[in-house]
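Asker: Encoded as structure tokens, here's the structure I'll be asking about.
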Amino acid sequence: MTIKTYRQTLHDTLAEEMRKDPDILLIGEEIGHFEGSYKITAGLLAEFGPKRVKDTPIAEEGFTGAAIGAAMLGLKPIVEIMTINFSLVAMDQIINHAAKIHAMFGGQVNVPLVIRTPGGGGQQLGASHSQNIEVFYAHIPGLKVVCPSNPADAKGLLKAAIGDTDPVLFLENLGLYGAKGEVPEEDYVLEIGKANVARQGKDITIISYSKATTVALEVADELAHEQISAEVIDLRSLRPLDRQTIVESARKTSRAVVIEDDWLTYGIGAEIAATIQEGAFDYLDAPVRRVAAAEVPVPYSKPLELASLPDAATLSKVIHQILDATAFNR
Amino acid sequence: MVSRNTMTKTGRATNKASDSSNVDSGHQDNKDLLLSFYEEMVFIRHFELKASEMYQKAKIGGYCHLNLGEEATVVGLMRATQKQDYLFTTYREHGYAISKGSDPGRVMAELFGKADGVSHGWGGSMHLFDKETHLMGGYGIVGGQIPPATGAALAISYKNTPSTDSPIVVCIMGDGTTNIGAFHESLNIAAVWKLPIVYVIVNNFLGMGTSVDMASGEPELYKRGASYKIESIRINGEDPLEVYNTSLRMFRIAREEHRPLLIEAMSHRLKGHSVVDPAKYRSTEEMKEAEQHDPIPMLEKKLIGLSYLKESDITSIVAKAKERVSSAVAFAEQSPNPDIRQLFANVYSKKLPNDFYRLPGEPLFDEHSFSK
Chain A
230 MTIKTYRQTL
240 HDTLAEEMRK
250 DPDILLIGEE
260 IGHFEGSYKI
270 TAGLLAEFGP
280 KRVKDTPIAE
290 EGFTGAAIGA
300 AMLGLKPIVE
310 IMTINFSLVA
320 MDQIINHAAK
330 IHAMFGGQVN
340 VPLVIRTPGG
350 GGQQLGASHS
360 QNIEVFYAHI
370 PGLKVVCPSN
380 PADAKGLLKA
390 AIGDTDPVLF
400 LENLGLYGAK
410 GEVPEEDYVL
420 EIGKANVARQ
430 GKDITIISYS
440 KATTVALEVA
450 DELAHEQISA
460 EVIDLRSLRP
470 LDRQTIVESA
480 RKTSRAVVIE
490 DDWLTYGIGA
500 EIAATIQEGA
510 FDYLDAPVRR
520 VAAAEVPVPY
530 SKPLELASLP
540 DAATLSKVIH
550 QILDATAFNR
Chain B
19 MVSRNTMTKT
29 GRATNKASDS
39 SNVDSGHQDN
49 KDLLLSFYEE
59 MVFIRHFELK
69 ASEMYQKAKI
79 GGYCHLNLGE
89 EATVVGLMRA
99 TQKQDYLFTT
109 YREHGYAISK
119 GSDPGRVMAE
129 LFGKADGVSH
139 GWGGSMHLFD
149 KETHLMGGYG
159 IVGGQIPPAT
169 GAALAISYKN
179 TPSTDSPIVV
189 CIMGDGTTNI
199 GAFHESLNIA
209 AVWKLPIVYV
219 IVNNFLGMGT
229 SVDMASGEPE
239 LYKRGASYKI
249 ESIRINGEDP
259 LEVYNTSLRM
269 FRIAREEHRP
279 LLIEAMSHRL
289 KGHSVVDPAK
299 YRSTEEMKEA
309 EQHDPIPMLE
319 KKLIGLSYLK
329 ESDITSIVAK
339 AKERVSSAVA
349 FAEQSPNPDI
359 RQLFANVYSK
369 KLPNDFYRLP
379 GEPLFDEHSF
389 SK
């Protein structure tokens, strides 16, 4: 194990995989000469050359679609879309094409494509640059969506995504790039579609993904001081969704709360809550609660922005409400 | 009434001066070639007429767009491709699939939604795909094929150096497609990356019911290539030999130099946008003009003039075409429906760790889901 940042881990994993497989190439805006908007690809142009690290014009639809075509002919492109907000102009290619081509053409061709892109609000970037719209992609059969919450998972899930024969949206987070953690040195590959029980507990289940998992673990630590044992499930993958792990945990703890950075209505938490009520109805002592973003375009002003996004204090408050409503004895 | 002045084909136009044909219809040597073009055009015509009939009989569902009037462009282009070339095309692609080498029975079976269809019943009329012939798909979203086609050319340039037998990509689109962003983004990328791809605009003057003049700031669409320094040419898409010769030349440049090119083939649509479109937005004069541009009678006239063809030959060629179409229909009829148990087989290329596969109304969990 070494301690590394999430950013460094992504960089190192890309480089490691590219050294192994000459069919991997990187495609995106400013990834070469500029070394990446968030410096994930720093130094890769120098090591691998312009054939494999391809700077693109500002044309998300064009270059994302080009990566699809390259994948159809057997290359393994890894696209960087500067932020998930810009993926909206490539949505036709991602949803109408990457997700459909294998099925719509009768299974004759694969699209082994990885699209790396960061989401995450809380950076004072204003409404158009602060969205958590992963649910748009998680809704679509034919796509896989993974969302690592720490450096080790970033390595394990990126390796899995690169090795996958289907299109994978690899969701990074602006708020996690500087996060440090232990990273296995070996060839560490996670299975896409399996959630991680990030912390064992027995009194309540907190379901989270990406940066919200950091918040969930922080709150679980605090709750432990109050003799409250919270279980934290890190989804790791939004599609496929590991319903089994979620429901097993809810059955065990009888209480569940979701923390998510996306908007509440039709969000990831809605699917989780529906899954829990179907799989653990008789085991629940309280309704499943969701701690999600306020239903506004994310504001710029710091106090407004903070008020609109879920945080540890809010999660803790909601957990206490659930426990109080179920006459929980500490 | 939309002016048709700019639409009338007055001859070849190009944004580069050099242009020469390498096959001349007057050469006796080319008799076989021209006759084979004619036979294939007649076959595609009858295939499409039969598809229309089968659609009316509800054997074919969804949308169904026909190549009627476009046969010369279809055949000229596809004959100029080599086996290793990749084709990305539109939803008006039955003829292209057949001419690139797909079995007509399997194309008809796809229109019927049958298991033996080229896309195994998953795509239908708009989404034909044939791995064997390198038909990389008909695409139902206007312009959706252009970025992947461009990326396929990237994969070619990644693995191959320019040479006389380098594969290339041929990317077909309609006139209306040249207004979509993906067209411009892709042409720019292909130019910057020097990709071996030939974009082909089939200009039949109409994007559904909207004329090129109404929709395009520059209605001479081939000129759009100039914005990206892409060598472009406008040709008569109703002359299969002109299409063939130009395509051979343009494809050769793409192969040997690895750079993008653009062909605009002027064509006419003989019927509505799709089988169900009565085309009320077209005047009687417009329809008459389109009929006058029907490439099949034009080629017949030419071949008779050259004494390559007699009236009696036409009868037997048509009879043969109809017979082949009938066999295609028979094949489609007898092909089984796809197995419902295979519904989830192709959502992903490998089985998922979690069982997502439920039919509507099936519960997420059952009594076996959880151990006590």
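Residue numbers (the working numbering), protein chains in the order written: chain A, 230 to 559; chain B, 19 to 390. Backbone N, C-alpha and C define an ideal beta-carbon position, used for all residues, glycine too. Since this is a predicted model, take the numbers as computed values, not measurements.
Is there a Cβ of chain A sitting closer than 8 Å to that of Asn364 (chain B), yes or no?
Answerer: For Asn364 (chain B), the answer is yes, since a Cβ of chain A falls inside 8 Å of its Cβ.
Asker: In three-state terms, what does DSSP make of Phe388 (chain B)?
Answerer: Coil.
Asker: Along the chain, where does the alpha helix (DSSP H) containing Leu317 (chain B) start, and where does it finish?
Answerer: From DSSP, the alpha helix (DSSP H) with Leu317 (chain B) extends over 313 to 323.
Asker: In chain B, which residues lie with their C-beta within 8 Å of the C-beta of Arg472 (chain A)?
Answerer: Chain B residues near Arg472 (chain A): Asn372, Leu382, Phe383.
Asker: Mapping the DSSP letters down to three states, classify Val476 (chain A) as helix, strand or coil.
Answerer: Three-state result, Val476 (chain A): helix.
Asker: Based on DSSP bridge pairs, tell me the residues matched to Val254 (chain B).
Answerer: Sequence inspection shows Asn at residue 254 (chain B); the Val mentioned does not correspond to that position. Answer is B:Met284, bridged to Asn254 (chain B).
Asker: Could you check whether the Cβ of Ser39 (chain B) sits closer than 8 Å to any Cβ belonging to chain A?
Answerer: Only weak support exists for where Ser39 (chain B) lies, its pLDDT of 45 falling under 50; the value from the coordinates is given anyway. Answer no: the Cβ-Cβ gap between Ser39 (chain B) and chain A never drops below 8 Å.
Asker: Within 8 Å (strictly less), CB to CB, does Ile78 (chain B) reach chain A?
Answerer: Not an interface residue.
Asker: Could you tell me which residues DSSP pairs with Pro251 (chain A) in its beta bridges?
Answerer: According to DSSP, which records beta bridges pairwise, Pro251 (chain A) is partnered with nothing at all.
Asker: Per DSSP, what kind of secondary structure is Thr242 (chain A) in: helix, strand or coil?
Answerer: Thr242 (chain A): helix per DSSP, three-state reduction.
Asker: Exposed or buried, what is Ile232 (chain A) when buried is set at 16 or more other beta-carbons lying within 10 Å of its beta-carbon?
Answerer: Flag for Ile232 (chain A) reads exposed.
Asker: Closer than 7 Å, Cβ to any Cβ of chain A: which residues of the stretch 175 to 195 of chain B, in chain order?
Answerer: Going along the stretch 175 to 195 of chain B in chain order, one finds Tyr176 with a Cβ nearer than 7 Å to chain A.
Asker: Between the alpha carbons of Asn206 (chain B) and Gln310 (chain B), how many angstroms are there, rounded?
Answerer: Roughly 37 Å between the two C-alpha positions.
Asker: If you check the beta carbons only, do Gln353 (chain A) and Lys531 (chain A) fall under 8 Å apart?
Answerer: Yes.
Asker: Which residues in chain B sit within 8 Å of Gln331 (chain A), going by Cβ to Cβ distance?
Answerer: The question names Gln, but residue 331 (chain A) is His in the sequence shown. Asn364, Val365, Tyr366, Ser367, listed in chain order.
Asker: With a 10 Å radius around its C-beta and 16 neighbouring C-beta atoms as the bar for buried, classify Lys149 (chain B) as buried or exposed.
Answerer: It is exposed - the Cβ of Lys149 (chain B) has fewer than 16 other Cβ atoms within 10 Å.
Asker: Which residues of chain A have a Cβ atom closer than 9 Å to the Cβ of His138 (chain B), listed in chain order?
Answerer: Here the neighbours are Phe334, Gly335, Gly336, Gln337.
Asker: What span of residues does the beta strand (DSSP E) with Glu303 (chain B) cover, start to end?
Answerer: Glu303 (chain B) -> not in any beta strand (DSSP E); alpha helix (DSSP H) instead, spanning 302 to 310.
Asker: Closer than 8 Å, Cβ to any Cβ of chain B: which residues of the stretch 277 to 302 of chain A, in chain order?
Answerer: Listed in sequence order: Lys280, Lys283, Thr285, Pro286, Ala288, Glu290, Gly291, Phe292, Thr293, Gly294, Ala295, Ala296, Ile297, Gly298, Ala299, Ala300, Met301, Leu302.
Asker: I'd like to confirm the pairing. Which residues does DSSP put opposite Arg359 (chain B) in its beta bridges?
Answerer: In DSSP, Arg359 (chain B) forms no bridge with anything.
Asker: Is the shortest distance between the beta-carbon of Val218 (chain B) and the beta-carbons of chain A less than 8 Å?
Answerer: So, not an interface residue.
Asker: Return the residues of the stretch 412 to 429 of chain A that lie within a Cβ-Cβ distance of less than 7 Å from chain B, sorted by chain order.
Answerer: Hits within the stretch, in order: Glu420, Gly422, Lys423.
Asker: For Val487 (chain A), decide whether its Cβ has a neighbour in chain B, counting only Cβ atoms nearer than 8 Å.
Answerer: Taking Cβ atoms only, chain B never reaches closer than 8 Å to Val487 (chain A), which makes this a no.
Asker: Inspect the beta-carbon positions of Ile256 (chain A) and Lys283 (chain A) and report whether they are closer than 8 Å.
Answerer: Yes, these two residues count as a Cβ contact at 8 Å.
Asker: Flag this pair as touching only if the stretch 88 to 102 of chain B and the stretch 242 to 258 of chain B have three or more C-beta atom pairs under 8 Å; answer yes or no.
Answerer: The stretch 88 to 102 of chain B is in contact with the stretch 242 to 258 of chain B.
Asker: Would you kindly work out how many angstroms separate the C-alpha atoms of Ser175 (chain B) and Leu105 (chain B), rounded to a whole number?
Answerer: Cα to Cα, the separation comes out at about 16 Å.
Asker: Can you name, in chain order, every residue of its own chain whose Cβ lies under 6 Å from the Cβ of Ser466 (chain A), other than the five neighbours on each side?
Answerer: The residues are Val375, Ile421, Gly422.
Asker: To which residues of the same chain is Ile78 (chain B) closer than 7 Å at the C-beta, ignoring the five residues directly before and after it?
Answerer: Around Ile78 (chain B): Ala69, Met72, Leu129, Phe130, Ser143.
Asker: So is Gln322 (chain A) in contact with chain B if we call contact Cβ pairs under 8 Å?
Answerer: Taking Cβ atoms only, chain B reaches closer than 8 Å to Gln322 (chain A), which makes this a yes.
Asker: Closer than 7 Å, Cβ to Cβ, to anything on chain B: give me those residues from the stretch 505 to 528 of chain A, in chain order.
Answerer: Correct list: Glu507, Gly508.
Asker: Give the secondary structure of Ile497 (chain A) by DSSP, where H, G and I count as helix, E and B as strand, and everything else as coil.
Answerer: In this structure, Ile497 (chain A) counts as helix in the three-state DSSP scheme.
Asker: Assess, as a yes-or-no matter, whether the stretch 181 to 190 of chain B is touched by the stretch 268 to 288 of chain A under the definition of 3 or more beta carbon pairs within less than 8 Å.
Answerer: Too few Cβ pairs lie closer than 8 Å, so no.
Asker: Where do the N-terminal and C-terminal ends of the alpha helix (DSSP H) with Lys388 (chain A) fall, by residue?
Answerer: Looking at the DSSP string, the run of the alpha helix (DSSP H) that includes Lys388 (chain A) is 380 to 392.
Asker: Would you mind sorting Met232 (chain B) into buried or exposed? The rule is 16 or more other CB atoms within 10 Å of its CB.
Answerer: Its Cβ having fewer than 16 others within 10 Å, Met232 (chain B) is exposed.
Asker: Are the CB atoms of Ile551 (chain A) and Ile435 (chain A) within a distance shorter than 8 Å?
Answerer: No, these two residues do not count as a Cβ contact at 8 Å.
Asker: For Thr494 (chain A), count neighbouring C-beta atoms within 10 Å of its own C-beta (all shown protein chains included) and say buried if the count is 16 or more, exposed if not.
Answerer: It counts as exposed.
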